[in-house]
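Numbering (the UniProt record's numbering), first residue to last: 1 to 265.
C-beta: ideal position from N, C-alpha, C; glycine also.
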Amino acid sequence: MRKIHVIGIGAGDPDQLTLQAVKALRDTEVFFILDKGEVKADLVRLRRDILGTHLPQGTYRTVEARDPERDRTAEGAGYSPAVGDWRSARAGVFERLIAGELGEDGTGAFLVWGDPSLYDSTLGVLEEVLERGAVAFEYDVVPGISSVSSLAARHRTGLNRVARPVQITTGRRLAEGLPEGVDDVVVMLDAHQTFQRYADTGEDIDIYWGAYLGTPDEILVSGPLAETAPHIIEVRAQAREHKGWIMDTYLLRRRPRDEGASGPG
Ligand SMILES: C[S@@+](CC[C@H](N)C(=O)[O-])C[C@H]1O[C@@H](n2cnc3c(N)ncnc32)[C@H](O)[C@@H]1O
1 MRKIHVIGIG AGDPDQLTLQ AVKALRDTEV FFILDKGEVK ADLVRLRRDI LGTHLPQGTY
61 RTVEARDPER DRTAEGAGYS PAVGDWRSAR AGVFERLIAG ELGEDGTGAF LVWGDPSLYD
121 STLGVLEEVL ERGAVAFEYD VVPGISSVSS LAARHRTGLN RVARPVQITT GRRLAEGLPE
181 GVDDVVVMLD AHQTFQRYAD TGEDIDIYWG AYLGTPDEIL VSGPLAETAP HIIEVRAQAR
241 EHKGWIMDTY LLRRRPRDEG ASGPG
C-alpha cells in the first residue's frame, strides 16, 4: 500500500520542525512540492532548504507540480463553488502525483506550511482523491507549529484570557463584524487590512500583528489599534512592495469594560 505523510513544517523558521516531523521526512522517498507561482518561490525554496538541512543528499526525490489557480474574483454566493472547483483541480494533480511518482509500496509526503489543521486544504484534497477511487493509499498527519502559535510566542502573550474563548477567523469573516461574546480574535488570510474598520469605533482594542513570522524578514507591531493601525498599514505596504508578497496574521484583543477578567491565562 502506498503511504503519504502530511507534515506540518512550521510557519517559516526551519527550527520549528518537530522531531516527529524530522522522523517523517526521513521515512519519505518522494516529496511533492506544489509551486504557487513567482511570488511564492521563496516558500518553495524554504521547503527545499528544510529537506537539505535534515536529509542526506541523494536519499530522496522531489517532484514539483504547478498548483491550480483559484478564481479569486468570486465573491458572495460564488465563493464556495470557486473553492470547491479549485479543490477538485488540486485533487486531480495530487492523484497524478501519487499514482505516477510512487511505487505500489512507496512513501511520499506533502510539506504543509504551519499546521495542517489550520486553513489548509491538503487533508480535504487527499480525502477527495481517495473518494475518486483511482489510487489507494494510507496517510497520516504530523502536526506543525502554526503561524498563530508563532504570533503568540513572538508577542509573548497567550491567545485567550482567563476562562474566555478565542476565535480564529479570516479577514473575509472579520469584515462582517467582530464575533459576539468573543474578545480575542485571531485573523488570518486578510489581504485587505480589515482591522482598519475597528480602529475608529471607540472600542478599546489592542492589536498584536506579525508578518513573515519566523523568517529573517519578520516584523512585529503591537499596541492600541486606534494608534497602531496607520503604522501597520504603512509598514505592511512597504514590506509587500519590497518582497513582492506578504503573509501576516494578527490578534485583536478587546479590552473588557470589567477589567477583573483581563490578563492572559
Ligand atoms: C493558507 S493559511 C495557512 C496557515 C497555516 N496552515 C498555519 O498553520 O499557519 C495562510 C495564512 O497563514 C498566515 N501565515 C502563515 N505563515 C505566516 C507567517 N510566517 N507569518 C505571518 N502569517 C503567516 C497568514 O495569515 C496567511 O494568510
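Ligand 2 and residue i: does any heavy atom of the ligand fall closer than 8 Å to the residue's C-beta?
| i | result |
| --- | --- |
| Val-185 | Of the ligands one can find in the structure shown, namely ligand 1, none is ligand 2. |
Suppose contacts are defined by Cβ-Cβ distances below 9 Å. Is residue i in contact with residue j by that definition?
| i | j | result |
| --- | --- | --- |
| Phe-195 | Tyr-250 | yes |
| His-54 | Arg-87 | no |
| Val-44 | Glu-64 | yes |
| Ser-150 | Asp-35 | no |
| Gly-92 | Arg-2 | no |
| Arg-66 | Val-30 | no |
| Asp-183 | Leu-159 | no |
| His-192 | Gly-177 | no |
| Arg-254 | Asp-204 | yes |
If you count every other CB in all the chains shown that lies within 10 Å of the CB of residue i, and 16 or more means buried, which is it?
| i | result |
| --- | --- |
| Leu-220 | exposed |
| Met-247 | buried |
| His-5 | buried |
| Gly-133 | exposed |
| Leu-225 | buried |
| Ser-146 | buried |
| Leu-19 | exposed |
| Gln-16 | buried |
| Ser-117 | exposed |
| Ala-175 | exposed |
Compute every distance between the C-beta of residue i and the non-hydrogen atoms of ligand 1, then say whether any falls below 8 Å.
| i | result |
| --- | --- |
| Ala-65 | no |
| Pro-116 | yes |
| Val-6 | no |
| Trp-86 | no |
| Leu-174 | no |
| Asp-42 | no |
| Tyr-139 | no |
| Thr-169 | no |
| Thr-235 | Correcting the residue type first, residue 235 is Val in the shown sequence and not Thr. Answer for Val-235: no, Cβ out of range of ligand 1. |
| Val-83 | no |
| Trp-245 | no |
| Gly-12 | yes |
| Tyr-79 | no |
- Query: Counting only runs that start and end within the region 127-209, where is the alpha helix (DSSP H) found for 4 or more residues in a row?
  - Reply: The qualifying runs are 147-154 and 171-174.
- Please specify which runs of the beta strand (DSSP E), each continuous and at least 3 residues long, are wholly inside the region 216-258, giving them in chain order. 219-224 and 248-254, all fully within the region 216-258.
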